[in-house]
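Going by the working numbering, the residue at position 193 of the sequence shown is 226; the numbering climbs one at a time, nothing skipped.
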Amino acid sequence: MEYKKRIETFRSGIFTFQIGIDFERIHPLMQRVRDASLRFDSVPMVNEIAMRLEKEVVVSSIYGTNTIEGGIQTEEEIEVIISSEVSNNEEAKRILNLKYAYNEAEKAARLFAVRSPQQSNQSVSLSEETITNLHAIITDGLTHPDNTPGRYRDNPKGQLTKVGDSAHGGVYVPPKCRADIVILMQHYLEWINSSELFTLDPLIRASLAHFYFETIHPFWDGNGRVGRVLEALILMSSGVKYAPFALSRYYLKHIDRYFTVFNLARNSQKKKEPYPNTVFVEFVLEGMLEALNNLITRAHQIIGILIFQAILNRKLRTKEINFRQFTIIDNLLSRNIKPSLSSLKAELWYSELYRKLTAKTRLRDLKGLQQQALIRITEDKIVELVLP
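Written out as structure tokens, the structure reads:
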């Protein structure tokens, strides 16, 4: 199957949209992704599990896409910013903009599901309004000498936009003037919304939407962030949950390869090789597989935590453990840490628990938790929870 769209621009030469995928080569990987998706769908997703997964994945996704673009905030700092929604500096504003963009994508995906319930295996059409709106949200209030939120780039004569570097497959010069970008975006939307593209698996369509959007690179700033949100939008609208967000963290983890496969695919197309986009689509499929497997593991971990919390609450009610022991476990659980005995003793909350009690009481409490198989203390004196 192939569907090409060849466009002659005013100042940027010939531009070709094509599927360009060796489907026989990617078939085994596609099947593994489908199997992982079925396994993830079989996980009992009660409200608390879904809420925890969604919160964690959104934070991780924003961390991934923000760090790719040069952000320096930790996941913990990002969680605080998106929870408080306080933007007292440009970095915080940049993070909140990403949160609002993902919210907008989720809203569009839900609207598509409501309007097109019979198209459960399909995905949403993209529009210029969607793209410029997402860009406006992502870059709102951010400082850039040329960028106007929602407005396409227009390079003055002699000023080139350059993407990439020699270490990742070379430097790419995307279309130069707004007139070229306008016509390419029109053809991009016609192509990505064509019946030929809708016959593809939404994951492949989302990959190609991501790839060609970045190849046009229509804005001065925010192209990477917009492209990754567009990819997530297509996947969410086709019914894929959580994993579309998790892809951004995968791209960060494999950042060198992420940048390299863009240029490998572009260079393959330039050489007129038969399946130039295979390398990029394979990379995305591998990311989806990793994301789904990580989500399955994390969902089962959360189930274990919920069971553990229920056991802990019952033991407190039946006085099998005392309030001090409950507090120790609760702190270790909520903060997801494995402290050494010495660092645990240095914790303010822990020292306050035993401020008026003896060292013997402290040791008896820890021993009691070990005897009930709630914690274990390793040979290295590390305190670990014994989760189901």
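Virtual Cβ for every residue (Gly too), placed ideally from N, Cα, C.
- Between residue 279 and residue 393, the alpha-carbon positions lie close to 47 angstroms from each other.
- Put simply, the backbone Cα of residue 389 is about 12 angstroms away from that of residue 383.
- Burial is judged here by how many other beta carbons sit within 10 angstroms of a residue's own beta carbon; residue 177 has fewer than 16 and is exposed.
- Around the beta-carbon of residue 200, fewer than 16 other beta-carbon atoms lie within 10 Å, marking it exposed.
- With 16 or more other Cβ atoms from the protein chains shown falling within 10 Å of its own Cβ, residue 97 counts as buried.
- With a 10 Å radius around the Cβ and a threshold of 16 neighbouring Cβ atoms, residue 255 comes out buried.
- Rounded to whole angstroms, the Cβ separation of residue 250 and residue 194 is 6 angstroms, and the two are in contact under 8 angstroms.
- In this structure, DSSP gives residue 185 a state outside helix and strand, which the three-state scheme calls coil.
- It is roughly 58 angstroms from the alpha-carbon of residue 59 to the alpha-carbon of residue 385.
- The beta carbons of residue 325 and residue 73 sit about 5 angstroms from each other, so the pair counts as a contact at 8 angstroms.
- CA-CA distance, residue 402 to residue 262, rounds to 46 angstroms.
- Shortest Cα-Cα distance from residue 229 to any of 158, 42, 89 and 63 involves 158.
- Our two residues, residue 205 and residue 109, have alpha carbons roughly 35 angstroms apart in a direct line.
- As a beta-bridge residue in DSSP terms, residue 198 pairs with 203.
- Put simply, the region 303-316 does not touch the region 341-349. Fewer than three CB pairs are less than 8 angstroms apart.
- Secondary-structure assignment with DSSP links residue 50 through a beta bridge to 38.
- By a beta-carbon distance limit of 8 angstroms, residue 371 contacts residue 415. Their separation comes to about 5 angstroms.
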